[in-house]
Amino acid sequence: MNLLLENELNSALVAVFEKNGLDKKFAFVKVSDRSDLSDFQCNGALALAKIAHKNPREIASLIAEELQKIDFIDAVSVDGPGFINIKLKNEFIAQNTDKMAADERLGCGEVDDKHKVVLDYGGPNVAKEMHVGHLRSGVIGESIRRIEKFVGNEVIADVHLGDWGTPMGMILAEIIKTDGNLDKVESYDIAQITEFYKRANIRCKEDETAKEDARKITAELQGGNPQYRKAWQHLRSESIKAIKENYEQLDVNFDLWWGESDAHETCGEIVKIAREKGVSEIDEGAEIIRLEESNKPKPPVIMVKSDGAFGYQLTDIATIKMRYDEFSADEIVYFTDSRQALHFEQVFEVVEKLGIAPNVKLKHIVFGTVNGADGKPFKTRDGGVMNLETLIEMSKDKVRQSLPKAGEVEGYGEKEIEKLTSQIAVAAIKFQDLKNTIVSGYIFELDDFAKFEGKTGPYIQYAIARINSVLRKAKANGINFGKVILQAPEERTLALKLAQIHNVVMRAHNEKEPSIIADYTYNLAQTFSTFYNACSVMNAESAELASSRLTLAKLVRDVLTLMLYLLGIEAPEVMLKAENQG
RNA sequence: GCGCUCCUAGCUCAGCAGGAUAGAGCAACAGCCUUCUAAGCUGUGGGUCGGGCGUUCGAAUCGCCCGGAGCGCGCCA
């Protein structure tokens, strides 16, 4: 059950359209583009007129006349070429607001076709430091995970580690080159492991024989060489430990910690299935599957490389089979940047060809890369990428400057201040990322992740903190929650904005686009701030009005808190301020 | 060369199942703290929506062409 104001309007419109023999496909309203003229508008008359070759204003007038009679509608007008502008009665909006306040889901409905969805995001690699390039996938994925759950779907989130490719052979080769053997591997921590990887990476770029060694070791590792396996286990578990720390700080969560290596056995099965179906062939020593090239040229999928190791596409294909077999997933969604678009096109096509996951919806949500000022994927000045840890610390430092020191405020010792710092810093970072539409990517500006004014996470947290403060004061002054009365324009605007929640969540869900929620959340916080400035609770003209405003304020707080939750952001109870601040 | 994505205010971006004066944030400028937290609010200035052609009563939104940017294109993942 959702509490959209549009529902009643739409069904009223359908009745009017049917009565007049008009195609009810166009019988719907949307939030008005002209809030000065109306709350909602219906553009159906324009579309109908085009088809029927009639005067749009005539059709619009016909509809408007019928709408006038409806009791919850305040005013209807036909404007411009044939827009139908509708204003609702205040009492109707107020009642709806009361219902929202009483509803535990705040007026937001669930999806009709609940299903099971596997989300594949994060995708960190063993032995590689997590950097800002890893931010988007994790942050977006976490938000989608929460949205999916909230709308009623069953969700399984898989981090899907990169733990099975040539980089594994590269790092083992590098360690052997340095130590002469793998005896010391288990004493290495993540910093040392990362160092080895960096050196391996440089070496393999310059030295073809080093690359050759790495490939050989990779193939043997995959083949089951016990010595390599044992060393690799250590690299893997050390990496996971470090990765978990990073994700924990950002509140990015997973149900599964699968990796490419977990698909190894299934990879073998896939190769067999492909052979049986006769879709694979040997070409230049590799076992490949050719793809349709009718619409555009596409390289074939290399299942088994000429050295016997599995190609990375095969692990993704095998993983889909596993998710289908083990979880009977209805939908699998991947979140990676646009550079992997072709990869997933190929993978999905092979899955289809082999029939290993029938009726599973496979989606690749492509997002833009995090770019530097030069428009290319972000690199720091020294050519590296900024690691995630540094970014978080930097943002925290900025937050600390605006907070009181531990002990300065009663009840806020070191632990509490540190928690506040992290909540605000993480909000700044995540919101900064999430407010961008997925596809477009963004320019990485270090300062943006430590900004707390304007369209930022802390701005929204601040609005929530102010409401909490009002609620505390109201309680102390004996003001209770009451029925919503819409008197001031700021109250009305706020109530209308609140009523959009269901549509916002559903759109974000359908489009897999958290920025829709981010945008709305900021909008609502802004609308609230205007209301807050104009409509005092404590000094309201009457007790009824004070109670009404209190209900509105609390509802706003609850909606904002829920929206932040869906973005993966926490809302602190208070936002403290350092002495020297404002 | 082929394919994908993109080009909107000084900067970073929304808007794009065609519609009424193209919106935010930042930056700039002018106001607002004996009144519920000024991480806030109010207001001002700023745009030939990359260029052209077309479809349409109507195009930032759809189609084609051109220009510019980024990414990808068989044994890296």
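For the first sequence, the working numbering begins at 1 and goes up steadily by one.
All residues carry an ideal CB built from backbone N, CA and C; glycine is no exception.
Identified DSSP bridge partners for residue i
i	result
H502	DSSP lists no partner for H502.
H134	In DSSP, H134 forms no bridge with anything.
H364	Y334
A125	The sequence as given places Asn at residue 125; Ala does not occur at that position. Beta-bridge pairing links N125 to G162.
K87	A75
Q41	K30, N85
G259	L161
D120	D158, Y334
F310	V304
P377	N371
N387	H131
Y442	V370
A286	D283
Proximity below 9 Å, CB of residue i to CB of residue j
i	j	result
L420	P572	yes
H659	D330	What is shown of the chain runs 1 to 582, which leaves residue 659 out entirely.
Y188	E238	yes
I147	A508	yes
D158	W258	yes
V279	K321	no
I332	K361	yes
L67	I86	yes
F83	A45	yes
L567	S137	no
F335	D120	yes
G109	M506	yes
D337	R215	no
L88	I73	yes
Q249	S402	no
M303	P458	no
F92	L4	no
I417	K405	yes
G169	I240	no
Residue i versus residue j - alpha carbon distance
i	j	result
K99	F344	45 Å
N539	S77	37 Å
V470	R557	11 Å
I140	N153	17 Å
V301	A318	13 Å
Q581	T437	Unreliable positioning characterises Q581 in this predicted model, as indicated by a pLDDT of 47, which lies under 50. The coordinate reading is nonetheless provided below. The straight-line gap from Cα to Cα measures roughly 34 Å.
T166	G413	48 Å
I569	G80	43 Å
K205	A450	36 Å
A242	E292	42 Å
A499	M386	41 Å
K512	K184	46 Å
T266	Y312	13 Å
T390	K396	10 Å
F26	S440	32 Å
A543	I59	47 Å
L545	D71	25 Å
L314	F327	20 Å
D519	A173	48 Å
V14	K30	14 Å
F452	V426	11 Å
L182	I171	11 Å
Distance cut-off 8 Å: residue i Cβ against heavy atoms of the ligand HEM
i	result
H234	As far as ligands go, the structure on display features none, and thus does not contain the ligand HEM.
Integer Cβ distance of residue i from residue j, believed to fall under 8 Å
i	j	result
N2	H502	4 Å
V537	L524	Actually they are not in contact, since the Cβ atoms of V537 and L524 sit about 18 Å apart, beyond 8 Å.
A309	I289	No, A309 and I289 are not in contact; Cβ-Cβ is about 16 Å, not under 8 Å.
A465	L560	About 10 Å separates the two Cβ atoms, so there is no contact after all.
H264	Q227	Incorrect: roughly 17 Å between the Cβ atoms, too far for contact.
I424	L564	I424 to L564, Cβ: 12 Å. No contact.
N480	S547	6 Å
Handout entry: Meets three-Cβ-pair contact criterion under 8 Å: the stretch 123–134 and the stretch 182–198
Key = yes
Handout entry: Sufficient close CB pairs (3 or more, under 8 Å) joining the stretch 486–501 to the stretch 41–50
Key = no
Practice task
Answer yes if the stretch 470–483 comes into contact with the stretch 441–460, meaning at least three C-beta pairs across the two stretches below 8 Å, and no otherwise.
Solution key: no
Practice task
Pair every Cβ in the stretch 200–219 with every Cβ in the stretch 173–192, then say whether three or more of these pairs are closer than 8 Å.
Solution key: yes
Handout entry: the stretch 483–492 / the stretch 87–97 touching (three or more Cβ pairs under 8 Å)
Key = yes
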